[in-house]
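Residue numbering for the sequence shown follows our numbering, beginning at 544 and increasing consecutively.
All residues carry an ideal CB built from backbone N, CA and C; glycine is no exception.
Heads up: the structure comes next, in structure tokens.
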Amino acid sequence: MDWRSLLTPRAPIPRSFQICLGFGGFALILLIWWGVTWLGLIQPFFLPRPDQVLRSGYALFAELDFLADIWASTYRILLGFLVAGLLGVPLGLLMGTFRAAEALFEPLVGFVRYMPASAFIPLFILWLGIGDLEKVAIIFVGSFFQLALMVTVVARAVPMEIMETAYTLGASRMQVILRVLLPASMPGILDTLRIIMGWAWTYIIVAELVASEAGLGYRILNSQRLLQTGNIIFSIIT
């Protein structure tokens, strides 16, 4: 490998070297973490050693039914994300395809997208109680509006020339949408869903910090109350 490529903007590097660099980044953080804790630069109360965090994780699974917390968070995320996807993707395609739909929905969707999902927690507790439905609603609000606008951008990026060619070949408007626009947008939609799924995890942690009896957010808050730093770090990594 030509080592000069590492300092050349956008120069390709071997895939195997990319993987090694990726693992190297994690190894560097782990080495620094281990060093500052082993040397006593940070008290274990604030930052336990990596092996202590692993022992805390083992105790979580063995004694505190940590799998139930993982399942509770995963279930809420999947349900909220599914509803957001079933409604957000069609709305995004609609706004990205028809100017009338864009004019009708985009101002409202764009306005709500900047509202923090966590700000809705008090309202949803009043309206929906403190069960799973409230957490699912937080996931939905945090995901739906972002997803709809990002899918709109994806749909707009489909070249008009492709659609005009389909019309020239005799395709109807519905055929253009289903056989041209949708397939051309699918890679971007899948990438958008992947990004939104990552955001959904941040929303569920916030939602479970308030009035929850299970979930990763609940476990983090409970560990903080008991001053169990190792449990907090392990739950975050999980």
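>> So, at 7 Å on beta carbons, what are the nonlocal neighbours of W576 in its own chain, with the 5 sequence-adjacent residues on each side left out?
In response: Cβ within range, chain order: P593.
>> Quick test of the definition: if touching needs 3 or more C-beta pairs under 8 Å, does the stretch 654-666 touch the stretch 721-734?
In response: no
> How close, in whole Å, do the beta carbons of Y746 and G674 come, if the pair is a contact with beta carbons under 8 Å?
Replying inline: The pair is not a contact, with the Cβ atoms about 17 Å apart (cut-off 8 Å).
> So does the stretch 584-591 actually touch the stretch 759-767, counting three or more Cβ pairs closer than 8 Å?
Replying inline: no
>> Output needed for L736: all residues of its chain with C-beta closer than 7 Å, excluding positions within five of it in sequence on either side, in chain order.
In response: Cβ contact annotation for L736 (same chain, cutoff 7 Å, sequence separation greater than five): G628, in chain order.
> According to DSSP, is D594 helix, strand or coil?
Replying inline: helix
> Are the stretch 708-720 and the stretch 770-779 touching by the rule of at least three beta carbon pairs closer than 8 Å?
Replying inline: no
>> I'd like the span of the alpha helix (DSSP H) that includes P659, first residue to last.
In response: Per DSSP, P659 belongs to no alpha helix (DSSP H) and is neither H nor E.
> Which stretch, first to last residue, makes up the alpha helix (DSSP H) that contains G731?
Replying inline: Annotation for G731: the continuous alpha helix (DSSP H) segment containing it runs 725-751.
>> Given this structure, state the Cα-to-Cα distance separating E649 from Y710, to the nearest angstrom.
In response: 27 Å
> Rounded to a whole number of angstroms, what is the C-alpha to C-alpha distance between R547 and A570?
Replying inline: Rounded to whole angstroms, R547 to A570 spans 24 Å at the Cα level.
>> Please identify the residue among T640, L769, E606, Q771 whose C-alpha is closest to the C-alpha of L703.
In response: Position check: residue 703 holds Met in this sequence, whereas Leu was assumed. The shortest Cα separation from M703 among T640, L769, E606, Q771 belongs to T640.
> Grouping DSSP H, G and I as helix and E and B as strand, with all else coil, what is L610?
Replying inline: Note: L610 maps to helix in three-state DSSP.
>> Distance check for A757 and N765, CA to CA, integer angstroms please.
In response: CA-to-CA, the gap between N765 and A757 works out to about 10 Å.
> In whole angstroms, what is the alpha-carbon distance linking A660 and A750?
Replying inline: Taking the straight line joining both Cα atoms gives about 9 Å.
> What is the rounded straight-line gap between the Cα of L582 and the Cα of L574?
Replying inline: Using only the alpha carbons, I get a separation of about 12 Å.
> Of the choices L647, M729, V632, whose alpha-carbon is the least far from that of V701?
Replying inline: M729
>> I need the straight-line Cα distance from A611 to I572, nearest angstrom please.
In response: One alpha carbon belongs to A611, the other to I572, and they sit about 30 Å apart.
> If you scan the stretch 640-725 from start to end, which runs of the alpha helix (DSSP H) of 4 or more residues do you find wholly inside it?
Replying inline: 642-656, 664-671, 675-699, 703-711, 716-719
>> Tell me which residue opens and which closes the alpha helix (DSSP H) that I775 is part of.
In response: 772-780
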